[in-house]
Each structure stands twice: as C-alpha cells, then as structure tokens.
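**Q** A single structure is presented below for examination.
In our numbering, the protein residues as written are 1343 to 1454.
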C-alpha cells in the first residue's frame, strides 16, 4: 500500500519498477497483491486500455486512523477496565510533549 499511496495511481509495472533491483518482485506476484488489495476494498481498479490502473481508496493517514480506532476498540472490549487503567498509567511514561498532545486531543474529543 505504501507504494500505491506514493504513486497515487499506478499500473502493475509501475509497482514492479518501484521495487527495482533492491527487492525484485515478479510481475504476477505484484498483480496478485494489487488484486487482493482491490478485493479487500483498499484500492480502486479501473481498466485503461490493455492494463488496469490502481489508486488508493483512502490516504495513509485515514487508514492509520481507522486501524488505530479498530485496535483500541478491540483492546478495550477485550480487556475492559484493566486496559483503561493500564493505558492511563502508560500516559505518564510518555515524553512531556507527546503526553501533552495526547491529553489535548482527549480534551478536544471530550468537549465534542
């Protein structure tokens, strides 16, 4: 997905070329991976001449937020109050700037 986000829209060959000699990948492997991303709803796929063009359905930031939200919901659902207590205690161990930013974000969310 990082390559698709970087390229914005791409053909299979574009992704193959992006990896280059550093990490050579077969054309068919990349085509399979892009098709799986399409089937999972991560990328758009449209026919352009004799090839497909792939583009991301969301930005990396939007996807990161979605994954973080899902993780936190599952975490708190699975571990309940002990997860909340553990999370609250771990906030104290953060660097001052990160702790203040997190508390600011929580305050902003709470006021909504």
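Beta carbons: idealized from backbone N, C-alpha and C, even for Gly. Just so you know, these numbers come straight off a predicted model, no measurement behind them.
Express the C-alpha separation of residue 1395 and residue 1389 in angstroms, rounding to a whole number.
**A** 6 Å
**Q** What's the C-alpha gap between residue 1430 and residue 1419?
**A** 16 Å
**Q** List the residues that DSSP assigns as beta-bridge partners of residue 1292.
**A** Any property of residue 1292 remains undetermined from this structure, which presents the chain solely from 1343 to 1454.
**Q** Count the C-beta pairs between the segment 1438-1445 and the segment 1409-1427 that are closer than 8 Å, then say yes if the count reaches three, no if not.
**A** no
**Q** Return the chain-ordered ranges of every alpha helix (DSSP H) run that is complete within the segment 1407-1453 and spans a minimum of 4 residues.
**A** The segment 1407-1453 contains these whole alpha helix (DSSP H) runs: 1438-1453.
**Q** With respect to the alpha helix (DSSP H) encompassing residue 1381, which residues constitute its N-terminal and C-terminal limits?
**A** 1369-1381
**Q** Throw me the rounded Cβ distance for the residue 1351 and residue 1397 pair, which I believe falls under 8 Å.
**A** Sure, about 4 Å apart at Cβ, within 8 Å.
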